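Here is the structure we will look at, set down as structure tokens.
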Amino acid sequence: MKNYLIILISIIFFACKPETNKPAYYFNKAQQDSLLVNIIAYVAENAANSTDSTRLKPQFRPSYVKLLPKYSLVNLEKSSSGMYYYFLVRPVGNLLMYRRGVVGSFTLDSASLMPKNFKEIINTPHLAEELVKERGGFLFRELTKKGNITEYLGMRDYVEWPDSTLKYSEKTNRWVFQR
0 MKNYLIILIS IIFFACKPET NKPAYYFNKA QQDSLLVNII AYVAENAANS
50 TDSTRLKPQF RPSYVKLLPK YSLVNLEKSS SGMYYYFLVR PVGNLLMYRR
100 GVVGSFTLDS ASLMPKNFKE IINTPHLAEE LVKERGGFLF RELTKKGNIT
150 EYLGMRDYVE WPDSTLKYSE KTNRWVFQR
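Counting from 1, position 35 in the sequence shown corresponds to residue 34 in numbering that gives the first Met the number 0; the numbering is continuous, with no gaps.
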């Protein structure tokens, strides 16, 4: 009987353990929203009257806040080195039936929740949201396990970018055409 009680308590303990790859493990809801707005400033089109070099300025933040309902930060995990890996789902232009996944990394200024060294590692193709979450979730898990997902870049059903025409510029934090 005592053994059954110990087993039951162990099952309950491990079942209630929070998931370390969810944003709620690291941040409360207000902090999650603030972080996601900061990420949106990197991955969305520039706010009106902003440029790639000015888009992160505070005066443009309200434009990105308006986009918050269209984005979701699905996974977030912090490595032992302080690098955060993320997986978010975002809109695809005006195509309401499709979404796009973005898997990437950044370090964080914890005081402002502003990402530094921000990078989009992959973008998924335009897919139904369920498929984006399935495929992007797989790539996110592989990234957190291995530190890179280079071996999956050729999987066109999972990765649209980078490809032979687009690569990510860490200087401008934008996808740029390769020559």
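All residues carry an ideal CB built from backbone N, CA and C; glycine is no exception. On a predicted model such as this, the values are computed, not experimentally measured, just so you know.
Cβ-based neighbour list, Leu67, same chain, cut-off 8 Å, excluding 5 preceding and 5 following
Position 68 of the sequence shown holds residue 67. Same-chain partners within the cutoff: Asp32, Leu35, Val36 and Ile39.
Sufficient close CB pairs (3 or more, under 8 Å) joining the region 78 to 89 to the region 100 to 109
yes
Please check the pair Val42 and Arg89, which I expect to be a contact at CB under 8 Å, by giving their CB distance rounded to whole angstroms.
For this step, residue 42 is matched to residue 43 along the sequence shown. For this step, residue 89 is matched to residue 90 along the sequence shown. Taking the Cβ atoms as the reference, Val42 lies roughly 6 Å from Arg89, within the contact range of under 8 Å.
Own chain partners of Glu128 with C-beta closer than 6 Å, once the 5 adjacent residues on each side are dropped
As a first step, residue 128 must be located in the sequence shown, where it is residue number 129. Excluding residues within five positions, the ones whose Cβ falls inside 6 Å are Arg98.
Straight-line gap, Glu141 to Phe59 (C-alpha atoms, nearest Å)
Here residue 141 corresponds to residue number 142 of the sequence shown, with the count starting at 1. Here residue 59 corresponds to residue number 60 of the sequence shown, with the count starting at 1. Roughly 34 Å separates the two Cα atoms.
Between Asn172, Lys170, Glu169 and Ser163, which lies nearest to Arg178 when the distance is taken from Cα to Cα?
Position 179 of the sequence shown holds residue 178. Nearest C-alpha to Arg178: Ser163.
What is the rounded straight-line gap between the Cα of Asp108 and the Cα of Ala46?
Counting from 1 along the sequence shown, the entry for residue 108 is found at position 109. Counting from 1 along the sequence shown, the entry for residue 46 is found at position 47. If I take the Cα positions, the gap works out to 22 Å.
DSSP state of Asp156, grouped into three classes?
Locating residue 156 in the sequence shown gives position 157, where the first residue counts as 1. The answer is coil: DSSP assigns Asp156 none of H, G, I, E or B.
Comparing C-alpha positions only, which one of Trp160, Phe137, Gly146 and Thr149 sits nearest to His125?
Here the question's residue 125 lines up with position 126 in the sequence shown. Ranking the options by Cα distance to His125, first place goes to Trp160.
Quick one: Cα of Ile121 to Cα of Leu72, how far?
Position 122 of the sequence shown, counted from the start, is the residue given in the question as residue 121. Position 73 of the sequence shown, counted from the start, is the residue given in the question as residue 72. Approximately 15 Å between the Cα atoms of the pair.
Fully enclosed by the region 96 to 170, which beta strand (DSSP E) runs are 3 residues long or longer?
98 to 108, 113 to 122 and 165 to 168
Can you tell me which of Asn172, Leu138 and Asp51 puts its alpha carbon nearest to the alpha carbon of Ile148?
For the purposes of this step, residue 148 is identified with residue 149 of the sequence shown, where counting begins at 1. Nearest option by C-alpha distance: Leu138.
Buried or exposed for Gly100, please, with buried defined as at least 16 other CB atoms from any protein chain shown within 10 angstroms of its CB.
For this step, residue 100 is matched to residue 101 along the sequence shown. Burial call: buried.
Proximity of Lys77 and Tyr25 at Cβ, strictly below 8 Å
Within the sequence shown, the letter at position 78 stands for residue 77. Within the sequence shown, the letter at position 26 stands for residue 25. Contact: yes.
Whole angstroms are fine: how far does the CA of Lys145 sit from the CA of Ala18?
By 1-based counting over the sequence shown, the position of residue 18 is 19. By 1-based counting over the sequence shown, the position of residue 145 is 146. What sits at residue 18 in the sequence shown is Glu, not Ala. So the alpha carbons of these two residues sit roughly 19 Å apart.
I think Gly153 touches Phe86, with their Cβ atoms under 8 Å apart; what is that distance to the nearest whole Å?
Numbered from 1 along the sequence shown, position 154 holds the residue referred to as residue 153. Numbered from 1 along the sequence shown, position 87 holds the residue referred to as residue 86. So it is not a contact: roughly 20 Å between Cβ atoms.
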